[in-house]
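Notes for the one structure printed next.
Number of protein chains: 2
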Amino acid sequence: MTEGESIVAVSGLSKLKTLERKSTSDRISEDLRQMIIEGQLRPGEQLAETRIAELLDVSRAPVREALQQLVQQKLLVASRNRGVSVVTFTASDIWEIYDARCAIECHAASRIIDGGPGARARAADALRVSLDKLSVAVRHGAHRKISAADLDFHTALVTAAGNSRLADAYSILSAQALACINRLEIAVPSGDELVDEHGVLIDALAAGEREALLKAISDHLTVAASHLTAPQSQAGTNGKPGRLH
Amino acid sequence: MTEGESIVAVSGLSKLKTLERKSTSDRISEDLRQMIIEGQLRPGEQLAETRIAELLDVSRAPVREALQQLVQQKLLVASRNRGVSVVTFTASDIWEIYDARCAIECHAASRIIDGGPGARARAADALRVSLDKLSVAVRHGAHRKISAADLDFHTALVTAAGNSRLADAYSILSAQALACINRLEIAVPSGDELVDEHGVLIDALAAGEREALLKAISDHLTVAASHLTAPQSQAGTNGKPGRLH
DNA sequence: ATGCTGGCGACGGTCGACAATCTGCAGTCG
DNA sequence: CGACTGCAGATTGTCGACCGTCGCCAGCAT
Chain X
1 MTEGESIVAV
11 SGLSKLKTLE
21 RKSTSDRISE
31 DLRQMIIEGQ
41 LRPGEQLAET
51 RIAELLDVSR
61 APVREALQQL
71 VQQKLLVASR
81 NRGVSVVTFT
91 ASDIWEIYDA
101 RCAIECHAAS
111 RIIDGGPGAR
121 ARAADALRVS
131 LDKLSVAVRH
141 GAHRKISAAD
151 LDFHTALVTA
161 AGNSRLADAY
171 SILSAQALAC
181 INRLEIAVPS
191 GDELVDEHGV
201 LIDALAAGER
211 EALLKAISDH
221 LTVAASHLTA
231 PQSQAGTNGK
241 PGRLH
Chain V
1001 MTEGESIVAV
1011 SGLSKLKTLE
1021 RKSTSDRISE
1031 DLRQMIIEGQ
1041 LRPGEQLAET
1051 RIAELLDVSR
1061 APVREALQQL
1071 VQQKLLVASR
1081 NRGVSVVTFT
1091 ASDIWEIYDA
1101 RCAIECHAAS
1111 RIIDGGPGAR
1121 ARAADALRVS
1131 LDKLSVAVRH
1141 GAHRKISAAD
1151 LDFHTALVTA
1161 AGNSRLADAY
1171 SILSAQALAC
1181 INRLEIAVPS
1191 GDELVDEHGV
1201 LIDALAAGER
1211 EALLKAISDH
1221 LTVAASHLTA
1231 PQSQAGTNGK
1241 PGRLH
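Written out as structure tokens, the structure reads:
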């Protein structure tokens, strides 16, 4: 009160400020989301409310809310009176996801450039931090870590545009893309190549080269989608059809 | 079975195929959504689960699910242990919504043009149908009808791109935009002008003029956002701040 | 007079139980 | 022998009730 500083802050008690401020349903939702994204749940697998509830030793109500959240995030699909099951992605789903990502990322990048040199520099700095984490993950070698860092980079790009609604829409697409990637254990073409590709994006952004940046993002996503839709390395060049898993 | 035609279809019973296939929570959600969109609920108004439940003579469970859906659609905001309240839009919210709409609509338009002359023609036809409805609404004169028809036109544009995820993301933005428009009973600058502006979009689309189309969409949305954020006609030219309602 | 503390009312979060619905299989009729 | 009908099991949809938490306000101490 007296100096604009809370008494909690000056007495060093701020560390216990957050004592589990999450509802049960949110925790369940986040845990399940992570399991789906990391591919620990098979596509099409039925998730019975009762089973999850007694597995977690909670009532069905919070489980139900959690499942509903994930349905709205398009990670689960619900059938009336038949419960929910883990989403199954077709090749056209993947194209949709990456096309939508392209829409949001390109617009975000364009808006950052519109923001002037200062905004460009700030965004580039933030992206460099994400890129460092990505390169660390690449060196470490864990698939899940790499893909997560990859998507974090792109999320950072969208976040830098400062439009929370764009970021919200992107987070849904990001989760779906991660689920796709992690389900088919595709080795990234080359870890270093992945880092380089993202580095190119940062350079174009920092330089303010709009057209080059937009094309780089678009190409980057198109290539990624291609790898996901023709993964078996010898399955031929069938573009659209083919169900994954 | 025998000829690929269901016996239901050939016996003319298809009309009763859908007999109220909606869950209670979905009906509640849609009704509330409509009320919020049409501005029948004041911004910031508290919505107590108990009150709604006994008002509709149902249990709290389906009401709770409906409210959660609307929270995820960003039409309600939830505070822990304090229930939900109708969303309040600030001027920066409006800019966010219209910026995000611009991202999705421009990308959709671009993809339609990518689809070639056939796709352009189909999309233009669909949009002309929406434009007819809009002009009818304009002649009829009801504000709510006009704004709804306006958004339907843009939704048709996004739908024509054939990306369901893009369409889903757009529907959330569309609802928010409608809520903004209907809350402040802005008379559209001129009904005919509104129709003309959309007609220009169709022409550019049919002609396949990508750059002109993208610019037209962007300008169209920017102008609309400007009208929403400086509505009082004498409130000065303060761009960003200012809380609506 | 001002700030803290305790009680009070209200609301959401969670729970266990009942009812409606769907799926699969067995039984039966043509 | 095939197809329709009815039953059984399981799961979801819905309900009423309890408990913890939050915001407000009166009362008290300073």
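So the protein lines, in turn, are chains X and V. Letter by letter, the first sequence follows residues 1 to 245 of the numbering used here. Letter by letter, the second sequence follows residues 1001 to 1245 of the numbering used here. Cβ atoms here follow ideal geometry from the backbone N, Cα and C, with glycine treated the same way.
When DSSP labels each residue in this structure, what does residue i get in the three-state scheme?
i                   : result
Gln-40 of chain X   : coil
Thr-88 of chain X   : coil
Ala-142 of chain X  : coil
Ala-121 of chain X  : helix
Val-1077 of chain V : strand
Thr-1229 of chain V : helix
Ala-1009 of chain V : The predicted model places Ala-1009 of chain V with a pLDDT of 45, which falls under 50 and marks its position as unreliable; any figure quoted below should be read in that light. Reduced to three states, the DSSP call for Ala-1009 of chain V is helix.
Between the options, which lies nearest to residue i when the distance is taken from Cα to Cα?
i                   : options                                        : result
Thr-50 of chain X   : X:Val-84, X:Arg-210, X:Ala-230                 : X:Val-84
His-227 of chain X  : X:Ala-212, X:Ala-206, X:Ala-177                : X:Ala-177
Phe-153 of chain X  : X:Ser-135, X:Arg-139, X:Asn-163, X:Ala-142     : X:Ser-135
Ser-130 of chain X  : X:Leu-201, X:Ala-103, X:Asp-26                 : X:Leu-201
Ala-1048 of chain V : V:Arg-1080, V:Ala-1126, V:Lys-1133             : V:Arg-1080
Gln-73 of chain X   : X:Gln-34, X:Gln-40, X:Glu-45                   : X:Gln-34
Val-1071 of chain V : V:Ala-1061, V:Val-1087, V:Glu-1209             : V:Val-1087
Asp-1099 of chain V : V:Ser-1110, V:Tyr-1170, V:Asp-1132             : V:Tyr-1170
Ala-1156 of chain V : V:Val-1063, V:Thr-1090, V:Ala-1109             : V:Ala-1109
Ala-121 of chain X  : X:Arg-144, X:Glu-209, X:His-220                : X:Glu-209
Arg-101 of chain X  : V:Ala-1175, V:Gly-1118, V:Leu-1166             : V:Leu-1166
Pro-117 of chain X  : X:Ala-207, X:Ile-217, X:Val-63, X:Lys-22       : X:Ala-207
Cys-106 of chain X  : X:Leu-214, X:Leu-221, X:Arg-82, X:Ala-230      : X:Leu-214
Gly-1044 of chain V : V:Asp-1026, V:Ile-1028, V:Val-1077             : V:Val-1077
Ile-217 of chain X  : X:Ser-25, X:Gln-46, X:Ile-104                  : X:Ile-104
Asp-1114 of chain V : V:Glu-1211, V:Gly-1141, V:His-1220, V:Ala-1230 : V:Glu-1211
Ile-1028 of chain V : V:Leu-1173, V:Glu-1038, V:Glu-1065             : V:Glu-1065
Ser-190 of chain X  : X:Gly-39, X:Ser-164, X:Ile-146, X:Cys-180      : X:Ile-146
Ala-1179 of chain V : V:Asp-1168, V:Asp-1031, V:Leu-1075             : V:Leu-1075
Leu-173 of chain X  : V:Asp-1168, V:Leu-1173, V:Ala-1175             : V:Asp-1168
Pro-62 of chain X   : X:Leu-221, X:Ser-23, X:Arg-183, X:Gly-39       : X:Ser-23
Asn-1182 of chain V : V:Leu-1151, V:Asp-1203, V:Arg-1144             : V:Arg-1144
Gln-68 of chain X   : V:Asp-1026, V:Leu-1221, V:Ala-1149, V:Arg-1060 : V:Asp-1026
Leu-1205 of chain V : V:Phe-1089, V:Thr-1090, V:Ile-1112, V:Gln-1040 : V:Ile-1112
His-1140 of chain V : V:Ala-1119, V:Ser-1164, V:Asp-1192             : V:Asp-1192
Ala-1042 of chain V : V:Leu-1184, V:Ala-1230, V:His-1220             : The question names Ala, but residue 1042 of chain V in the sequence shown is Arg. Closest by alpha carbon: V:Leu-1184.
Which chain X residues are close to residue i, counting only those with a beta carbon under 7 Å from its beta carbon?
i                   : result
Ala-1206 of chain V : Those within 7 Å of Ala-1206 of chain V in chain X number zero; the least Cβ separation is about 22 Å.
Ala-1123 of chain V : The premise fails here: Ala-1123 of chain V is roughly 16 Å from chain X at the closest Cβ pair, so nothing lies under 7 Å.
Glu-1065 of chain V : Gln-68
Below 9 Å on C-beta distance, what does residue i contact in chain X?
i                   : result
Arg-1111 of chain V : Asp-99, Ala-103
Leu-1173 of chain V : Arg-165, Ala-169
His-1107 of chain V : Asp-99, Ala-100, Cys-102, Ala-103, Ile-104, Cys-106, His-107
Ser-1079 of chain V : Correct list: empty, because the minimum Cβ distance to chain X is about 12 Å.
In chain V, which residues lie less than 7 Å from residue i when you measure between Cβ atoms?
i                  : result
Ser-164 of chain X : Glu-1096
Leu-47 of chain X  : What Leu-47 of chain X touches in chain V: nothing, since even the nearest Cβ is about 17 Å away.
Given that residue i touches chain V, what residues does it touch there, using C-beta distances under 9 Å?
i                  : result
His-220 of chain X : Chain V residues near His-220 of chain X: none, gap ~16 Å exceeds 9 Å.
Gln-72 of chain X  : Gln-1068, Gln-1069, Gln-1072, Gln-1073
So residue i contacts chain X; which residues on that side make the cut at Cβ distance below 8 Å?
i                   : result
Ser-1023 of chain V : Arg-80
Tell me whether residue i, by its Cβ, gets closer than 7 Å to a heavy atom of the ligand PLP.
i                 : result
Ser-23 of chain X : Inclusion of the ligand PLP in the displayed structure is not the case, the ligand content being empty and no account of it being possible.
Report yes or no: do the segment 41 to 56 of chain X and the segment 191 to 205 of chain X share at least 3 C-beta pairs separated by less than 8 Å?
Three or more Cβ pairs closer than 8 Å define a contact, and the segment 41 to 56 of chain X falls short of that threshold against the segment 191 to 205 of chain X.
In the segment 154 to 201 of chain X, which residue ranges form an unbroken alpha helix (DSSP H) of at least 4 residues, counting only runs that do not cross its ends?
Taking only runs of at least 4 residues, the alpha helix (DSSP H) segments lying wholly in the segment 154 to 201 of chain X are 164 to 183.
Three-pair Cβ contact test at 8 Å for the segment 1210 to 1230 of chain V versus the segment 1085 to 1096 of chain V:
Under the three-pair Cβ rule at 8 Å, the segment 1210 to 1230 of chain V counts as touching the segment 1085 to 1096 of chain V.
Any contact between the segment 1122 to 1129 of chain V and the segment 1156 to 1169 of chain V? By contact I mean 3 or more CB pairs, one from each, below 8 Å.
At 8 Å Cβ cutoff, the stretches touch.
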